[in-house]
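For the protein sequence lines, the chains are A and B, in the order given.
Each residue of the first sequence is one higher than the one before, counting from 350 in this note's numbering.
Each residue of the second sequence is one higher than the one before, counting from 540 in this note's numbering.
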Amino acid sequence: MSKTASDGWTFRVDNLVKHFGTVAANDGITLRVEPGEVYGLLGPNGAGKSTLVKQTIGLLKPASGRITLGSFDLVADPDAARQLCSYLPQAQMPIDSFRLREAIELSGRIRGAEMGQVRRRTAELIEALQLGEWSKTLGSRLSGGVKRLVGFCMATISPGHLVILDEPTNDVDPLRRRLLWDEIRALGAQGCSVLLVTHNVLEAEKAVDRLALIANGRLVAEGTPSSLKAADRTQMRLQVMLVPGVETPALPAWSGPPVRVGNNLVTTIAEADAPSGISWAAGLIDAGVAEEYALGAASLEDAYIRLTSDIPTDGLHGEQ
Amino acid sequence: MASSDAALILPPGGVERGIGRSGRDFVSMVRWHLASLRMWLVTIVIVQALSGVGFVLGISLFFHHIPQSAALFVTTGVPVINLLIVGLVLGPQLVANQRTAGSYEYLQTLPVSRSVTAAAWYTVCLLCGLPAVVVSLVVGQLRYDLPLHISLMIVPAVLLTSFAGTMLGYALAHAITRPMVTLLITQMLIFIVFGFAPILFPLQRMPAWLADVNWWFPFRHMAVVMRAALTSGPNPGVSTAYAVIGVWTVVAAALAGWMLGRRP
Numbered sequence: 350m351s352k353t354a355s356d357g358w359t360f361r362v363d364n365l366v367k368h369f370g371t372v373a374a375n376d377g378i379t380l381r382v383e384p385g386e387v388y389g390l391l392g393p394n395g396a397g398k399s400t401l402v403k404q405t406i407g408l409l410k411p412a413s414g415r416i417t418l419g420s421f422d423l424v425a426d427p428d429a430a431r432q433l434c435s436y437l438p439q440a441q442m443p444i445d446s447f448r449l450r451e452a453i454e455l456s457g458r459i460r461g462a463e464m465g466q467v468r469r470r471t472a473e474l475i476e477a478l479q480l481g482e483w484s485k486t487l488g489s490r491l492s493g494g495v496k497r498l499v500g501f502c503m504a505t506i507s508p509g510h511l512v513i514l515d516e517p518t519n520d521v522d523p524l525r526r527r528l529l530w531d532e533i534r535a536l537g538a539q540g541c542s543v544l545l546v547t548h549n550v551l552e553a554e555k556a557v558d559r560l561a562l563i564a565n566g567r568l569v570a571e572g573t574p575s576s577l578k579a580a581d582r583t584q585m586r587l588q589v590m591l592v593p594g595v596e597t598p599a600l601p602a603w604s605g606p607p608v609r610v611g612n613n614l615v616t617t618i619a620e621a622d623a624p625s626g627i628s629w630a631a632g633l634i635d636a637g638v639a640e641e642y643a644l645g646a647a648s649l650e651d652a653y654i655r656l657t658s659d660i661p662t663d664g665l666h667g668e669q
Numbered sequence: 540m541a542s543s544d545a546a547l548i549l550p551p552g553g554v555e556r557g558i559g560r561s562g563r564d565f566v567s568m569v570r571w572h573l574a575s576l577r578m579w580l581v582t583i584v585i586v587q588a589l590s591g592v593g594f595v596l597g598i599s600l601f602f603h604h605i606p607q608s609a610a611l612f613v614t615t616g617v618p619v620i621n622l623l624i625v626g627l628v629l630g631p632q633l634v635a636n637q638r639t640a641g642s643y644e645y646l647q648t649l650p651v652s653r654s655v656t657a658a659a660w661y662t663v664c665l666l667c668g669l670p671a672v673v674v675s676l677v678v679g680q681l682r683y684d685l686p687l688h689i690s691l692m693i694v695p696a697v698l699l700t701s702f703a704g705t706m707l708g709y710a711l712a713h714a715i716t717r718p719m720v721t722l723l724i725t726q727m728l729i730f731i732v733f734g735f736a737p738i739l740f741p742l743q744r745m746p747a748w749l750a751d752v753n754w755w756f757p758f759r760h761m762a763v764v765m766r767a768a769l770t771s772g773p774n775p776g777v778s779t780a781y782a783v784i785g786v787w788t789v790v791a792a793a794l795a796g797w798m799l800g801r802r803p
């Protein structure tokens, strides 16, 4: 898509408020995604990400605030929202009775594209994501990862100006996950704005141009991955794999707030404390509390933990 | 490597509205519904046909001798049951399954107008119910040698009966968010349609108060218009029946449209 054709299709959310009873699911969110930009929406479970997406696509109505795409008011005109936005939901697509190729082609037709274009693009997507061996297989016989990729193809075969992808890489194998990220980047290059909802901070760091961190219905940080990591530049990440079943050991006073997911204990330390950190982690292994440790540069995930440290951490990490 | 630019389909230049888009969407949505029912379509049609045939032949098991008038009454009532069950009962149950599977919201975000989506679903329900109607009538005719006289009025009778039932089911399906509640209500509807609506038995067999209640609901009137289209001779109350079904059709379509367009 030429730059001119995608001009004017900026996605804007202005002071969006949505309540469920007394709970503010979205509490004054404002953000802006430019055409061609891959924009990550990160946050813990219940942060309000899905609520924002559902208001954008016309499934929920905001209490107040505006959502616009170009000159279209998506709140006032949900028909426009459905035509101008493509949506891959977190749940699997209903394709058990469809053959893989048929599901993609029919979605392209429903999205308004001509049959010839749809066939060519379907063939290209199937080849790009290496789905050819299942092209005539019924959805009920596909693995979860392949179904996820089919869902991606269905949502993006004839993309809207805004493409919303909710956890697109769930269940996808590492090889095809890389291919999928290539396709997501290609959507941006085509001029689409991509709104990427994910828990997977490490993947998001590599894939997005900018991201917003949402917690408790509010946008708590926004910027490029580098800018959000800037505060952690002098920090290092210390990761300790605990022996299954042991209690979380007491952390040294010079370490940052700890996060434990399963047997994986993560904290941040200052670069100057690296030798002390290595000694402490090695001591845990000697004491039979830990199996191994790793020390590396702080990542976006550490910024994420810092910014949401007052928020319950269950489920923050997603699949790695 | 990402796919090349050769086959890319560009985002739309704007929002497309109008009859051209609606016609294309209608065909696509009918294809979508038929494909999504692929594994069940034949089973649904066969079960519907068997249940219709079961009613038609079943009465001869109850009684040693069946008056032809009674056989005619049942046989001309069964098409209403065939058409109602698909749209009023099966439709909501399928939507309940979509909710359970988590696919309901995706289907609601497809870029197709609500009226086109509803029209496509109605068409599919009609296609699923029609074979059973034909089979039931043929079996009734063969078994009882009935004086059937099928007029052109069969077209509006079938279309309206199916439409009102489908839209009522559609409104119900989208109004109720809990799948289990949908299943319970559709079970209750089967109970009402079979036992407390004068479709397969004469109105005179009911207590007067229940007959009065039935006047306000469409089921009794559906049986009247169907019978009028399938038999010759006087059929009192046909005009009134069409009027009542017509009102229910408008109400059901409005309800379905409202429920589909609702955004909590």
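Ideal placement from N, C-alpha and C gives every residue a C-beta, glycine not left out.
For clarity, every value in this text was computed on a predicted model and none was experimentally measured.
At the C-beta level, Ile548(B) and Pro508(A) come within 9 angstroms of one another.
Distance from the CA of His760(B) to the CA of Phe369(A), rounded to the nearest whole angstrom, comes to 43 angstroms. Put simply, the backbone Cα of Glu554(A) is about 13 angstroms away from that of Ala579(A).
Straight-line measurement puts the Cα of Ile416(A) at about 25 angstroms from the Cα of Leu577(A). Here Tyr653(A) is not near Val495(A), since their CB atoms are 9 angstroms or more apart. Following the DSSP letters along the chain, one finds His368(A) inside the beta strand (DSSP E) bounded by residues Phe360 to Phe369. A direct Cα-Cα distance of roughly 56 angstroms separates Thr779(B) from Val543(A). By the CB criterion at 9 angstroms, Thr616(A) and Ser604(A) fall inside the cutoff. By the CB criterion at 9 angstroms, Ile724(B) and Pro631(B) fall inside the cutoff. Under the Cβ criterion of 9 angstroms, Arg563(B) is counted among the residues facing chain A. DSSP lists Leu511(A) as the bridge partner or partners of Ser542(A). Gly392(A) and Gly611(A) have their alpha carbons spaced roughly 19 angstroms apart. Between Ile378(A) and Leu568(A), the C-beta spacing is below 9 angstroms.
Against Gly641(B), the close residues of chain A are Pro438, Gln439, Ala440, Gln441 and Pro443, in the order they occur along the chain (beta-carbon pairs closer than 9 angstroms). Across the set Arg577(B), Pro757(B) and Gly800(B), the C-alpha of Pro757(B) shows the shortest separation from the C-alpha of Phe702(B). Unbroken beta strand (DSSP E) stretches of 3 residues or longer found wholly inside the segment 621-665 of chain B: none.
Counting the other Cβ atoms within 10 Å of the Cβ of Asp684(B) gives fewer than 16, which makes it exposed. Taking all protein chains shown into account, Leu524(A) has fewer than 16 neighbouring C-beta atoms within 10 Å of its C-beta and is therefore exposed. Distance check between Leu433(A) and each of Gly557(B), Gly553(B) and Ala767(B) places Gly553(B) closest, using alpha-carbon atoms only.
Between Leu498(A) and Leu529(A), the CB-CB gap stays under 9 angstroms.
Interface criterion met: the Cβ of Val651(B) is under 9 angstroms from a Cβ in chain A. The C-alpha of Ile406(A) is placed about 55 angstroms away from the C-alpha of Ala609(B). Distance from the Cα of Asp376(A) is smallest, within the candidate group Gly389(A), Thr400(A), Gly357(A) and Ala462(A), for Thr400(A). Listed along the chain, the chain B residues whose CB falls inside 9 angstroms of the CB of Pro427(A) are Gly800 and Arg802. Rounded to the nearest whole angstrom, the CA to CA distance from Val595(B) to Val777(B) is 23 angstroms.
Bounds of the beta strand (DSSP E) holding Met590(A) are Gln584 to Leu591.
Listed in chain order, the positions of the segment 695-728 of chain B with a beta carbon within less than 7 angstroms of a beta carbon of chain A would be empty, since no residue qualifies. Annotation for Thr400(A): no beta strand (DSSP E) segment contains it, though the alpha helix (DSSP H) segment containing it runs Lys398 to Ile406. Counting only runs that start and end inside the segment 674-723 of chain B, the alpha helix (DSSP H) elements of at least 4 residues fall at 693-714. The segment 723-763 of chain B contains, as complete alpha helix (DSSP H) runs of 4+ residues, the segments 747-754 (chain order).
Taken through DSSP and simplified to helix, strand or coil, Val595(A) comes out as coil. Ile506(A) is positioned such that its CB atom lies no closer than 9 angstroms to that of Arg450(A). Closest by C-alpha distance to Gln439(A), out of Asn621(B), Leu627(B) and Ser642(B), is Ser642(B).
With its beta carbon less than 9 angstroms from one in chain B, Glu451(A) belongs to the interface. For the options Thr583(A), Leu649(A) and Pro593(A), the alpha carbon positioned closest to that of Arg559(A) is the one of Leu649(A). Within chain B, Leu547 have C-beta atoms less than 7 angstroms from the C-beta of Gln539(A), given in sequence order.
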